[in-house]
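Per the UniProt record's numbering, the very first residue in the sequence shown carries number 1; after that it's consecutive. Each residue gets a CB set at the ideal place from its N, CA and C atoms; glycine is no exception. Report on the following structure.
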Amino acid sequence: MIAVSVDWHEAWTAALDALELDVAAAEALLAETHRASDNALPDPWRPPGGIGPLPLDLRPRAEAILARQTAAAQALARQMVMNRQQTAMVARFETGGSQTGPAYVDCAI
């Protein structure tokens, strides 16, 4: 019975390790100035099958990871809103490209 308990605990520890790496990657994207295309998209996390409920001694760690995930999701949402606002503002500026209006006015008429 002890071996099952150790395997169960190790399985959940590995699952939380994977979640923590995903959160760290999201936090790194927020901290870095790299474009999203420069970074590979992580695979979505899926709970491992057949390992049973979370051990009670791992609950504080799982709650801390959840708090980090929530904070990272909120920060990503804020960054997306700011990016859209900045894009809209820049779109209003004239870029100096080809002129769409007349180049001169004929005053002889």
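Buried or exposed: which applies to residue i, given that a residue is buried once 16 or more other Cβ atoms fall within 10 Å of its Cβ?
i: A72; result: buried
i: W12; result: buried
i: I2; result: Note on I2: pLDDT 47, under 50, position unreliable in the model; the coordinate value appears next. With fewer than 16 Cβ atoms within 10 Å of its Cβ, I2 is classed as exposed.
What is the rounded straight-line gap between the Cα of residue i and the Cα of residue j?
i: L58; j: F93; result: 53 Å
i: L21; j: Q69; result: 11 Å
i: E27; j: D7; result: 30 Å
i: I65; j: R84; result: 29 Å
i: A18; j: A24; result: 10 Å
i: L30; j: Q74; result: 11 Å
i: A62; j: D43; result: 19 Å
CB-CB under 6 Å to residue i, same chain, minus the five flanking residues each way: which ones, in chain order?
i: G50; result: none
Looking only at its own chain, which residues have a Cβ that is under 7 Å from the Cβ of residue i, when we skip the five neighbours before and after it?
i: P48; result: A11 and A15
Between the segment 79-95 and the segment 49-60, do three or more beta carbon pairs fall short of 8 Å?
Judged by Cβ distances under 8 Å, the segment 79-95 makes no contact with the segment 49-60, as fewer than three pairs qualify.
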